[in-house]
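Asks: Mind having a look at this structure? Questions to follow.
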Amino acid sequence: MLDFNLNLGGGAEPAAEQEDAAQPRPEIENVIIIGSGPAGWSAAIYTARADLRPLLITGNELGGQIALTTEVENFPGFDEAIQGPELVERMQRQAERFGAEVLIDYVTEIDTQSQPFIVRTASGQAFRTQSIIAATGASPRRMGVPNEERLTGRGVSYCATCDGFFFRGKDIAVIGGGDSALQEALFLTKFAKSVKVVHRRDALRAGATLQRRAQENPKIEFIWNSVVTSVNGENKVDSITVRDVKTGASTDLPVEGVFVYIGHLPNNQLFVDKLAMDEEGYLITDKLMRTSVPGIFAAGEIQDHRFKQAATSAGQGVAAAMECEKHLAELAG
Ligand code: NAP
Numbered sequence: 270m271l272d273f274n275l276n277l278g279g280g281a282e283p284a285a286e287q288e289d290a291a292q293p294r295p296e297i298e299n300v301i302i303i304g305s306g307p308a309g310w311s312a313a314i315y316t317a318r319a320d321l322r323p324l325l326i327t328g329n330e331l332g333g334q335i336a337l338t339t340e341v342e343n344f345p346g347f348d349e350a351i352q353g354p355e356l357v358e359r360m361q362r363q364a365e366r367f368g369a370e371v372l373i374d375y376v377t378e379i380d381t382q383s384q385p386f387i388v389r390t391a392s393g394q395a396f397r398t399q400s401i402i403a404a405t406g407a408s409p410r411r412m413g414v415p416n417e418e419r420l421t422g423r424g425v426s427y428c429a430t431c432d433g434f435f436f437r438g439k440d441i442a443v444i445g446g447g448d449s450a451l452q453e454a455l456f457l458t459k460f461a462k463s464v465k466v467v468h469r470r471d472a473l474r475a476g477a478t479l480q481r482r483a484q485e486n487p488k489i490e491f492i493w494n495s496v497v498t499s500v501n502g503e504n505k506v507d508s509i510t511v512r513d514v515k516t517g518a519s520t521d522l523p524v525e526g527v528f529v530y531i532g533h534l535p536n537n538q539l540f541v542d543k544l545a546m547d548e549e550g551y552l553i554t555d556k557l558m559r560t561s562v563p564g565i566f567a568a569g570e571i572q573d574h575r576f577k578q579a580a581t582s583a584g585q586g587v588a589a590a591m592e593c594e595k596h597l598a599e600l601a602g
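Those letters in the sequence shown? Residues 270 to 602, per the working numbering, in order.
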């Protein structure tokens with residue numbers, strides 16, 4: 270991986286000397302990929318194999334959500350489970366093998382009005398680029414309570430598909446009252462001894478079918494009108510404290526797992542007022558992964574609030590890369 274400390278090749282800021290890059294960057298990049306989850310790496314692999322010398326800017330969360338996952342058992346091609354971080358490392362090595370260059374940095378601004386586009390980063394660099402693939406992902410909304418962050422991966426999880434298996438025979442809680450919370454609560458009953466669904470109101474947001482299935486499931490119990498005020502445990506979760514919002518009473522629920530499903534937040538800050546978004550803030554793309562600005566494509570959870578799987582994000586990254594290549598070929602005439 271190249272260590273880009275300096276401005277490279279003809280960016281909008283003054284160019285400086287390059288330290289250890291084998292080859293200077295082109296004055297105008299073909300494509301900059303923003304984000305380093307499965308969508309970003311897949312786009313990098315395909316655009317690199319198309320000889321476009323993509324530059325992938327990782328963002329602060331190298332690897333995205335999958336890198337926070339322990340065992341990944343459902344990514345095609347790995348009949349034995351693979352650790353999330355290793356899967357991401359392999360994707361990176363595969364992309365670099367074909368000439369993708371990786372910049373560990375954080376994009377702070379994109380200028381979509383200029384042609385070529387300008388991409389600025391936290392380290393003060395600026396790049397001109399003919400196209401962009403936005404793969405910044407989405408982040409699960411956190412509860413924002415004490416010990417939630419510290420115990421993430423030690424009982425607190427945002428992905429039942431990834432982690433449910435580890436809670437076989439245990440008492441767990443699911444937080445939220447939407448479709449995701451109930452769907453994942455039902456999924457988790459395959460493993461857990463009991464599932465307490467903690468919801469802040471006394472009516473569910475989830476659709477009728479899921480509500481009925483959850484209410485009929487003997488392993489599921491609803492804790493109504495309640496919010497989590499603390500996750501408790503030293504090295505792993507041993508309970509959560511919930512407060513009844515009507516009575517104000519606090520109770521400790523002994524659980525070893527806490528699955529949080531209170532919505533996702535697309536990482537869209539870069540694109541506000543620049544690219545069309547839906548009412549939830551996800552980028553709007555067409556079937557060819559095109560955003561509202563020609564030359565800017567999007568893939569993965571920044572534009573997908575339905576599937577949210579590493580494999581679907583990877584597929585969308587591939588599609589965005591192929592369309593991007595076509596767009597660049599058309600630009601070149
Ligand atoms: P959602 O529909 O936005 O539901 C989020 C839930 O979390 C709501 O019950 C909400 O409570 C609660 N919540 C939000 N912020 C909270 C906070 N700070 N503390 C405690 N609780 C909080 O999100 P989702 O369930 O992830 O679904 C997202 C979209 O995907 C929806 O359109 C959904 O229909 C769709 N989806 C569909 C399916 C399916 O059809 N099988 C499955 C999954 C998702 P309130 O109800 O009080 O607002």
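Glycine is no exception: its CB is placed at the ideal position from the N, C-alpha and C atoms.
The structure displayed is predicted, hence computed values, not measured ones.
Between residue 423 and residue 504, how many whole angstroms is the CB-CB distance? I'm expecting something under 8 Å.
Replies: Their Cβ separation, rounded to whole angstroms, is 6 Å, which keeps residue 423 and residue 504 in contact under 8 Å.
Asks: In or out: residue 595 buried (at least 16 other Cβ within 10 Å) or exposed?
Replies: exposed
Asks: CB of residue 392 to nearest heavy atom of the ligand NAP: below 8 Å?
Replies: Checking every heavy atom of the ligand NAP against the Cβ of residue 392, none is found closer than 8 Å.
Asks: Would the C-beta of residue 448 count as close to the ligand NAP, meaning under 8 Å from any of its heavy atoms?
Replies: yes
Asks: Who are residue 533's beta bridge partners in DSSP?
Replies: Residue 533 pairs with 409.
Asks: Taking only the alpha-carbon atoms, compute the straight-line gap between residue 520 and residue 377 and give it to the nearest angstrom.
Replies: 43 Å
Asks: Rounded to whole angstroms, what is the Cα-Cα separation between residue 445 and residue 368?
Replies: Straight-line Cα distance between these residues: approximately 44 Å.
Asks: The ligand NAP and residue 413: does the residue's C-beta get closer than 8 Å to at least one heavy atom of that ligand?
Replies: Taking 8 Å as the cut-off, one finds at least one heavy atom of the ligand NAP near enough to the beta carbon of residue 413.
Asks: With a CB to CB cut of under 6 Å and the five nearest residues on each side skipped, what residues in its chain are close to residue 450?
Replies: Correct list, in chain order: 443 and 530.
Asks: Taking one C-beta from the region 358-374 and one from the region 302-313 each time, how about it: are there three or more such pairs within less than 8 Å?
Replies: Look at the beta carbons and you see the region 358-374 touching the region 302-313: at least three pairs across the two are nearer than 8 Å.
Asks: For residue 440, write down the residues that DSSP places opposite it in a beta bridge.
Replies: 463
Asks: Assuming contact is defined by CB atoms lying nearer than 9 Å, are residue 407 and residue 334 in contact in what I supplied?
Replies: It is a contact, given that the beta carbons lie within the stated cut-off.
Asks: Going along the chain, which residues of its own chain have a beta-carbon closer than 8 Å to the beta-carbon of residue 414, five neighbours each way excluded?
Replies: 497, 498, 499 and 500
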